[in-house]
Amino acid sequence: MADPILEGRGLTKRFGGLIAVDGVDIAIERGEICGLIGPNGAGKSTLFRLISGVMRPTAGTVTFNGRPITGRSAHDICVAGVAVTHQIVRPFRDMSVVENVMVGAFFGHRPRPRGRGGARAAAMEELEVCGLADRAESPARSLTLGGHKRLEIARALATRPKVLLLDEVLAGLNPTETDRTLDLVRTVRERGTTIVMVEHNLRAVRGVCSRIVVLVEGRKIVEGDPDAVLTDERVVSAYLGTAAHA
Amino acid sequence: MARNAAFAAIAIAALIAVPFVAPHAEYALDVLFLIFLYGAMATAWNLVGGFAGQVSFGHAAFLGIGAYATAIMTQNGISLWISVPVSALLAGAYSLVIGIPAFRLRGPYFSIATIGIGEATRLIARNWSSLTGGVSGLTLSSAPPLLLQYFAALALLVAAVGLAAWIRASRFGYALAAVRQDTDAAETLGVATTVAKTQALFLSACILGVAGSVYALHYLFVSPDSVFGFSTSIALVIMPIIGGLGTVTGPLIGAVIYTFIREQLAATLANVDLLAFGVLLIAIVVFEPRGILGIADRIRRMRKPPAVTVPDG
Ligand SMILES: Nc1ncnc2c1ncn2[C@@H]1O[C@H](COP(=O)(O)OP(=O)(O)OP(=O)(O)O)[C@@H](O)[C@H]1O
Ligand SMILES: [Mg+2]
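The listed protein sequences correspond, in order, to chains C and Y. 1 is the number of the first residue of the first sequence in this note's numbering; add one for each residue after it. 1001 is the number of the first residue of the second sequence in this note's numbering; add one for each residue after it.
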């Protein structure tokens, strides 16, 4: 990859004795949809936190657009153009749906909309894209899980990211909702946003991702073309292994 | 919004008229003065404790700094045109000194730290006798006319409530609301949460600094246990909670109730006012955490037919 938009090198995160992420090298190509898969506890969400500045890596570096962003604060990294959604949804519960999205519009990547009217208009656009426009004025806490997942995406999109990190946005959705969200992911990609998605639904990953990275116990074990990766013996045994434990 | 502004304009006009209509009702003017002063202080506290959700038990520190700064400068013959703004800025500067480390702490840890900061500030005032007069405090010789005090306090209240209303509807207000509801989520959406909290604290402290000036010029006496007292910090927490935490007018409503309870009950029986506040606080926390405004909201809803709720699409 000649010019990755986002690159992590030797990323490591220790929690006491546990190494959640262990020397991961990852390069994300401009404009791709990259799947990040692995069994529970593999360190996928932690890797997202290291990239998005929510946590500082114990070791390693993150480069975005050729510039180091390691150890910068989460808001700085969002403003720079890397947005992340939360696996466990984190709405602002006392705000309406549209106000939640306005926060992203107000504070994300530049250029920012002007004033409250501008932020509201930008937020409404994202709600439209995410199929939540009819719920704009509802309290955020009144949404269903599917609604909450779409709100996470709408809020992240409102920050105008160059790279969007989606953490299990399909988890808990029914098949119809899953298809809608996958269409949404493709639409976002077509707008020119690079996407990395953590996902347990391997069928969905195969359908939408152009490349897959596999994490097991904090380490990257395989990466490449979806069909090749998903039939790789090491990947199959890692998944079967956890299935046997579960 | 326009209705609120019209209502505010009428209320302000009426309050401006009161001293001219009833120039001899000194007791009423005095009570109104206290309501303005407490209302402004509670509104200022609410910017941090309500809007940003950072509950401070040490806000008397800013009042005290404003009060002492004005007292000292006035004793040295410095004009109020200088001493009042300087008092505000000193309180603001102090808020930066303490806010930057304190905001590294979250939630209850922040609140506990503010207790320590408030008490430490009071002890400094007690012991730095050469500047503060120590335990016996400082006395001023002449107060500005009551009418001037009345209008100064009213102006401070209008400025504080106006600022709160403006902040609430602004981009900054969204940052504070996001901080209150989920600081980490706010960070990932680009909100510089520590900066937002620090700015809110700075504005809050400046208003309390001016309130301190008004206080010093009214009572002509400042002492560590009065202006820096823990009970003052507690009063600043109680008023917004009674009226409605995080709302624009709640702290003012709380100040009205607080002032009446204090004026009426404290005169009849010692400490019965404290009992009343305790009971009121428990009742609010148990029955309606949104305070008086929450109760008003419930009554309005009871009258109106319930809104049709659309199921999630
Ligand atoms: N803040 C934390 N403190 C301590 N341990 C943590 C913390 N966050 C994650 N871990 C541990 O790090 C490991 C990786 O967790 P992580 O959430 O990154 O996994 P994941 O791949 O996202 O899993 P899942 O698919 O279940 O979401 C797990 O063992 C988890 O318990
Ligand atoms: Mg995870």
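Glycine residues also receive a C-beta, built at the ideal position from the N, C-alpha and C atoms. These numbers were taken from a predicted model, which means no experiment stands behind them.
Item checked: beta strand (DSSP E) segment containing Ala1200(Y), residue limits -> It is not in any beta strand (DSSP E) - Ala1200(Y) instead sits in the alpha helix (DSSP H) that spans 1193 to 1219.
Check: Rounded to the nearest angstrom, how far is the Cβ of Phe1202(Y) from that of Gly1066(Y), given a contact under 8 Å?
Finding: Not a contact, Cβ separation roughly 14 Å.
Checklist line | Cross-strand partners of Ser96(C) (DSSP beta bridge) | finding: Its beta-bridge partners are Pro139(C).
Checklist line | Nearest residue (CA-CA) to Val1055(Y), options Phe1062(Y), Ile1124(Y), Asn1046(Y) | finding: Of the candidates Phe1062(Y), Ile1124(Y), Asn1046(Y), the one whose C-alpha sits nearest the C-alpha of Val1055(Y) is Asn1046(Y).
Next item on the list: Please go through the same chain and pick out, in chain order, the residues whose beta-carbon is closer than 7 Å to the beta-carbon of Val1256(Y), but skip the five residues on each side of it.
Entry: Ile1035
Next item on the list: Per DSSP, which residues does Phe15(C) bridge with? Please list them.
Entry: Leu18(C), per the DSSP bridge assignment.
Item checked: Cutoff 9 Å: Leu1203(Y) Cβ touching any chain C Cβ -> no
Item checked: Under the three-state DSSP convention, the category Glu199(C) falls into -> coil
Check: Relative to ligand 2, what is the chain-ordered list of residues with a Cβ closer than 7 Å to any of its non-hydrogen atoms?
Finding: Every residue passing the under-7 Å Cβ criterion appears here: Lys44(C), Ser45(C), Gln87(C), Asp167(C), Glu168(C), Val198(C).
Note to self: Check for me: the beta strand (DSSP E) holding Ile1257(Y) runs from which residue to which?
What the structure shows: Ile1257(Y) -> not in any beta strand (DSSP E); alpha helix (DSSP H) instead, spanning 1250 to 1268.
Note to self: Does the distance between the C-beta of Phe15(C) and the nearest non-hydrogen atom of ligand 1 fall short of 8 Å?
What the structure shows: Look at Phe15(C): its beta carbon is less than 8 Å from one of the heavy atoms in ligand 1.
Check: So Val169(C) is in the alpha helix (DSSP H); what residue range does that whole segment cover?
Finding: Careful: Val169(C) lies outside any alpha helix (DSSP H) and carries neither H nor E.
Note to self: Once DSSP output is grouped into helix, strand and coil, what is the label at Phe64(C)?
What the structure shows: Phe64(C): strand per DSSP, three-state reduction.
Note to self: Quick check: is the beta carbon of Leu1156(Y) nearer than 9 Å to any beta carbon in chain C?
What the structure shows: no
Item checked: Minimum C-alpha distance to Pro39(C) - residue among Ser138(C), Lys220(C), Val188(C) -> Lys220(C)
Notebook entry, point to check: The alpha helix (DSSP H) with Lys149(C) in it runs from where to where?
Noted result: 145 to 158
Notebook entry, point to check: Does any C-beta atom of chain C lie closer than 9 Å to the C-beta of Pro1019(Y)?
Noted result: no
Next item on the list: Taking the CB atoms as reference points, tell me whether His1218(Y) and Phe1062(Y) lie closer together than 9 Å.
Entry: no
Item checked: Segment limits, alpha helix (DSSP H) that includes Ala83(C) -> Ala83(C) -> not in any alpha helix (DSSP H); beta strand (DSSP E) instead, spanning 82 to 84.
Next item on the list: Take Glu235(C) as the anchor and find which of Ser142(C), Arg9(C), Leu202(C) has the nearest alpha-carbon.
Entry: The residue you asked about is not Glu; residue 235(C) is Val in the sequence shown. That would be Leu202(C), whose Cα lies nearest to the Cα of Val235(C).
Note to self: Using 8 Å as the cut-off, can you tell me whether the region 4 to 19 of chain C makes contact with the region 166 to 185 of chain C, which would need three or more C-beta pairs spanning the two stretches below that distance?
What the structure shows: The region 4 to 19 of chain C is not in contact with the region 166 to 185 of chain C.
Check: Which residue spans inside the region 1126 to 1174 of chain Y form an unbroken alpha helix (DSSP H) run of at least 4?
Finding: The qualifying runs are 1129 to 1132, 1146 to 1169.
Next item on the list: Drop a sphere of 10 angstroms on the beta-carbon of Ala1014(Y), count the other beta-carbons inside from all chains shown, and report buried for 16 or more, exposed for fewer.
Entry: exposed
Note to self: Does the distance between the C-beta of Thr1191(Y) and the nearest non-hydrogen atom of ligand 1 fall short of 8 Å?
What the structure shows: As written in the sequence, residue 1191(Y) is Val, which differs from the Thr given in the question. No; taking the cut-off as 8 Å, the Cβ of Val1191(Y) has no heavy atom of ligand 1 nearer than that.
Checklist line | C-beta neighbour in chain C for Gly1313(Y), strict 9 Å | finding: The predicted position of Gly1313(Y) is uncertain, since its pLDDT is 39 and thus under 50; no value can be drawn from it.
Notebook entry, point to check: Residues in its own chain within less than 6 Å of Gly71(C) by CB, not counting five upstream and five downstream?
Noted result: Arg56
Check: At a CB-CB cut-off below 8 Å, which residues of chain Y make contact with His15(C)?
Finding: Reading off the sequence, residue 15(C) comes out as Phe, not His. Going along chain Y, no residue has its Cβ under 8 Å from Phe15(C), so there is no contact; the nearest lies around 17 Å.
Next item on the list: Measuring alpha carbon to alpha carbon, tell me which of Arg206(C), Glu29(C), Ala122(C) ends up nearest Thr63(C).
Entry: Glu29(C)
Note to self: For a contact defined as C-beta to C-beta under 8 Å, what are the partners of Cys1052(Y) on chain C?
What the structure shows: In the sequence as presented, Cys is not what sits at residue 1052(Y); that position holds Ala. Under the 8 Å cutoff, chain C gives no residues; its nearest Cβ is about 13 Å from Ala1052(Y).
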